[in-house]
Structure formats: C-alpha cells, structure tokens
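Asker: In my numbering, the protein residues as written are 13 to 449.
C-beta atoms are modelled at their ideal positions from N, C-alpha and C, and glycine is treated no differently.
Predicted model, so just to flag it, every value in this text is computed and none were measured.
Quick one: the structure is below, and I'll ask about it shortly.
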C-alpha cells in the first residue's frame with residue numbers, strides 16, 4: 013500500500029511534496045494509517061485533534077492517545093475541545109453538521125496562524141461510497157453522486173483510492189495501534205446504517221463492487237466536468253451583470269436541451285433546485301417571481317432577472333441641505349453650482365436653484381406619485397412612466413425620487429421634472445450628478 017500511496021501523491025498531489033502538512037488525527041485506524049504513511053515518506057507533518065465532548069471519557073481517551081503518540085514520535089501536536097451539543101443547539105444544526113463546522117473552522121485557523129500549506133484527512137473509498145448512497149437516498153443532481161472530492165482547495169484526501177479493507181490490512185501488517193470509536197457501531201446515524209446494512213449487501217452482489225464503483229465515479233466526474241464547463245460558458249456569455257442584478261435572455265436558455273437538466277445545473281449554485289418551477293417561470297407572465305434561500309429570480313418580458321437577497325432594504329427619507337456638495341448614502345449624488353448648462357445624460361440634471369426649497373428630500377417612489385416629465389406635455393404618474401419605459405420590477409423597486417416642497421424634481425437617473433429644470437434665462441444654476449453603483 014505504501015508504494016501505491018506514494019504513486020497517488022506523485023500523480024495527483026505533487027504540490028504537497030515538501031510542504032508543511034497538518035493531519036486531521038482522530039486516533040482511529042484511518043487517520044493513524046495516514047500518519048504512518050506520511051511519516052514513512054518523511055513528510056513534514058503536525059497532528060490536529062478535536063475533542064467534541066460527545067462520548068464522555070472516551071473522547072478524552074482519544075485525545076490523550078493522539079497526544080501521547082505525537083510526543084512519542086516527536087510530531088508537533090494541536091488539540092482543541094468543543095461543547096458540540098451546545099453549539100449545535102444554539103445554531104440549529106445536527107450534531108454531525110456542528111462537528112464538521114467546528115472542526116474545519118479550527119483547521120482553517122491553524123493554517124493561518126501556523127503557516128501550514130495543506131490539511132490532510134483520512135477519508136477513503138468506503139467513505140466515498142457511503143456519501144454517494146446518502147445523497148442518492150435523499151435525491152440529488154450529478155454533483156451529489158460524485159462521492160467525496162479528493163481535494164477542496166487546501167484540504168487533501170490522499171486515501172480516497174483505498175478501501176477500508178486495504179487500510180485495515182496495512183494497519184495489522186504494521187502492528188499499528190489506534191482507538192476504536194464505539195459510536196461507529198450505533199445505527200443512530202444514517203451513515204452507520206448504510207455502512208452496516210446496505211454496503212455489505214451490495215458487496216455480496218459483486219466481489220469487485222468497490223472497483224466498479226470507483227470506475228463509475230470516474231465517469232460521473234467526467235460528465236460533471238463537461239456539464240460544469242457548459243454552464244460556465246453560458247454564464248460568461250449570457251449572464252449580463254447590471255449593477256446588482258444579473259439578466260439572462262430566455263431565448264438562449266431555451267436552446268439548451270434538455271431544458272430541465274440545464275435549468276437545474278444553471279441555477280443550482282443560487283439554491284434554486286426545483287426544475288419544474290424554473291421551467292414554469294420561463295413561460296410565466298412578466299413579474300412572476302421565485303425565491304431561494306439566497307436569491308430572487310424574476311420573469312421580465314423576454315429575460316430573467318436574478319438578484320441576491322439582502323438582509324435589509326434601504327427605506328426612509330434622506331435630506332440634502334443647501335450646503336451639501338455630495339452624499340454617498342443611500343445613493344451617490346454630487347451637487348454643485350455652475351455657470352452653464354452642458355448637454356448631459358439621464359444621470360445629470362441642471363436645476364433652477366431659486367425654484368427649490370431646501371432641504372431637498374430623497375426617497376423611494378410611492379404609488380400615486382406624479383411629475384411633469386421633461387420633453388413631454390402635462391403630468392404623468394410615476395408608475396405609468398415606469399410601465400411606458402418598460403422598467404423591470406427590480407428597477408422600479410430601486411428607483412429613487414428627489415423632491416422639494418413635496419414635488420418631484422427628478423426620478424434619479426431616469427427623467428427630470430420640467431418645472432424645476434434650468435434654461436438659458438436661469439440666473440442661479442445648480443447641477444446634480446448621479447453615480448450608479
């Protein structure tokens with residue numbers, strides 16, 4: 013196994029050679045085999061052990077075992093204790109989720125404070141099979157069927173090609189010592205039930221079941237890579253970022269077949285996972301919305317608009333005094349006196365200062381608001397103006413109006429009110445410029 017392990021490192025993880033390595037060492041057989049293999053390679057390692065305080069005296073004995081091993085072998089050792097149950101209850105996590113978060117957050121901390129280059133964990137092929145079956149039982153896309161990845165940035169798993177049986181054989185042949193985690197015998201956890209009752213039956217079906225599973229994983233990984241490239245290529249070309257929104261042309265989405273699979277893969281990173289509702293949205297009326305935990309997706313005529321959800325929307329009134337030259341919240345405006353009117357854009361207006369009463373008030377538009385649009389005759393409701401201008405729902409929601417004496421001066425960045433605009437006869441000019449984020 014040592015020779016195969018070395019080959020796996022050289023072929024798949026050459027960047028860890030000669031680097032400073034932190035090994036996650038629980039004290040169980042898997043992690044102790046990993047430590048032994050790395051020591052035989054003369055790798056520069058340190059051990060990190062987490063005591064989750066979940067198994068009373070057994071947790072403390074595991075901690076002492078790894079500590080004593082490190083002292084005996086003269087290996088740098090780090091350990092930390094967590095009240096995992098309390099943390100899980102407070103953050104509304106399962107015990108396993110809480111333990112995973114505590115563990116990896118602490119590992120990241122050690123990486124930063126002690127200059128380690130990589131974290132190595134002892135996950136193996138049987139672990140990957142169990143993960144595959146867990147995801148399969150719950151329902152998943154192709155990425156959920158890839159098992160455990162061989163690396164996540166700084167986290168490397170060099171034992172993934174090896175079965176549990178190979179690890180046990182290596183440990184016994186080398187007379188290694190380790191701690192048995194009695195909780196692994198309990199069927200309280202889904203992973204253990206799969207390990208004890210499902211995997212043995214699958215292995216009975218074919219003596220090379222694990223080998224075939226490994227080959228299947230390889231094919232799934234290639235398929236996932238192809239799909240991911242297709243999705244990323246689509247995003248590069250057709251995810252049009254406008255301020256804080258992303259616009260996506262529906263006609264291009266419809267060219268990708270099958271639509272259901274493409275929609276699922278395209279929007280999965282934004283936590284939209286029901287392809288049926290995504291497909292329905294494509295044909296829905298303008299203004300129809302879907303919400304995920306992190307994003308909002310809106311049908312707007314011939315496109316979709318995606319917006320990241322934020323904790324708070326900016327509301328209320330913001331005052332601009334006569335001596336203000338700039339505001340940066342809630343939007344960026346610059347105010348200055350000027351002597352001449354220059355041909356500008358919708359992001360710049362020239363006003364007759366004598367027609368204004370300070371402070372000016374900046375607020376979100378409201379139903380019933382009206383103004384006298386420049387370049388048009390008479391007044392118009394702001395909502396009707398937005399409709400005629402074909403503004404999307406997010407654009408309407410994010411529209412600000414600048415007012416004086418309860419009258420609209422400017423729909424910021426869209427259209428000025430003709431009543432307050434400067435002309436060639438204006439004696440006291442003021443210029444207001446808007447800088448979109």
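1. Spell out the partners DSSP gives residue 91 in its beta bridges.
2. Would a C-beta distance cut-off of 8 Å place residue 300 and residue 293 closer than the cut-off?
3. Tell me whether residue 362 sits in a helix, a strand or coil according to DSSP, three-state version.
4. Which residues bound the beta strand (DSSP E) around residue 415?
5. Output needed for residue 394: all residues of its chain with C-beta closer than 6 Å, excluding positions within five of it in sequence on either side, in chain order.
6. Taking Cβ positions, are residue 114 and residue 62 nearer each other than 8 Å?
7. Our contact map puts residue 287 next to residue 275 with C-beta atoms below 8 Å; I'd like the distance itself, whole angstroms only.
8. With burial defined as no fewer than 16 other Cβ atoms inside 10 Å of the residue's Cβ, what is the status of residue 75: buried or exposed?
9. Taking contact to mean 3 or more Cβ pairs, one atom from each stretch, closer than 8 Å, check whether the region 400-412 and the region 307-320 are in contact.
10. Chain D beta carbons: is any one of them nearer than 8 Å to that of residue 64?
11. Check whether the Cβ atoms of residue 337 and residue 348 sit closer than 8 Å, and answer yes or no.
12. Who are the Cβ neighbours of residue 43 in its own chain at under 6 Å, not counting the five residues just before and after it?
13. Can you check whether the CB of residue 130 is closer than 8 Å to the CB of residue 96?
14. What would DSSP say about residue 125, mapped onto helix, strand or coil?
15. Could you tell me the distance, in whole angstroms, from the CA atom of residue 384 to the CA atom of residue 434?
16. Can you give the Cα-Cα distance for residue 188 and residue 256, rounded to whole angstroms?
17. Does residue 140 pass the burial test, meaning 16 or more other C-beta atoms within 10 Å, or should it be called exposed?
18. Check this for me: beta carbons of residue 335 and residue 439, under 8 Å apart or not?
19. Which residue marks the beginning of the beta strand (DSSP E) containing residue 384, and which one marks its end?
20. Between which two residues does the beta strand (DSSP E) harbouring residue 311 extend?
21. Between 278, 47, 28, which lies nearest to residue 316 when the distance is taken from Cα to Cα?
22. What does a CB cutoff of less than 6 Å around residue 296 pick up in its chain, not counting 5 residues either side in sequence?
23. What did DSSP end up calling residue 253 once you bin it into helix, strand or coil?
24. To the nearest angstrom, report how far apart residue 91 and residue 263 are at their CA atoms.
25. Just to confirm before moving on: does the CB-CB distance between residue 345 and residue 446 stay below 8 Å?
26. Could you round the C-beta distance between residue 73 and residue 14 to whole angstroms and report it? I think they count as a contact, below 8 Å.
27. Restricting to Cα atoms, I'd like to know which of 93, 208, 427, 185 is closest to residue 196.
28. Tell whether a beta-carbon distance below 8 Å holds between residue 170 and residue 21.
29. Can you list, in chain order, the residues of its chain whose CB lies under 8 Å from that of residue 180, leaving out five sequence neighbours each side?
Answerer: Considering the structure as presented:
1. DSSP links residue 91 through a beta bridge to 61.
2. In contact: residue 300 and residue 293 (Cβ atoms closer than 8 Å).
3. In the structure shown, residue 362 adopts extended strand secondary structure according to DSSP, grouped into three states.
4. 412-416 is the span of the beta strand (DSSP E), which, as asked, contains residue 415.
5. The answer, listed in chain order, is 377, 381.
6. For residue 114 and residue 62, yes; Cβs fall inside 8 Å.
7. About 5 Å separates the two Cβ atoms, so the contact holds.
8. That one is buried.
9. Touching, yes, given that three or more Cβ pairs across the two stretches are closer than 8 Å.
10. Absent here is chain D; the protein component of the structure consists of one chain.
11. Yes, the Cβ-Cβ distance between residue 337 and residue 348 is below 8 Å.
12. Its chain contains 37, 134 as the residues whose beta carbon lies nearer than 6 Å to that of residue 43, once the 5 sequence neighbours on both sides are disregarded; these appear in chain order.
13. No, Cβ-Cβ distance for residue 96 and residue 130 is not below 8 Å.
14. Residue 125: helix per DSSP, three-state reduction.
15. Each residue's alpha carbon lies about 14 Å from the other.
16. About 57 Å.
17. Buried, by the Cβ-count rule.
18. Cβ atoms of residue 335 and residue 439: not closer than 8 Å.
19. Residue 384 -> no beta strand (DSSP E), and no H or E assigned at all.
20. Per DSSP, the unbroken beta strand (DSSP E) holding residue 311 starts and ends at 307-312.
21. By alpha-carbon distance to residue 316, the top candidate from 278, 47, 28 is 278.
22. Contacts found: 311.
23. It is a strand residue.
24. Looking at the two C-alpha atoms, the distance is approximately 56 Å.
25. A contact, by the Cβ cut-off of 8 Å.
26. With 8 Å as the limit, residue 73 and residue 14 do not qualify as a contact, their Cβ atoms being about 29 Å apart.
27. Selected option, being the one with the closest Cα: 208.
28. With contacts defined by Cβ atoms closer than 8 Å, residue 170 and residue 21 form a contacting pair.
29. So the qualifying residues of the chain are 41.
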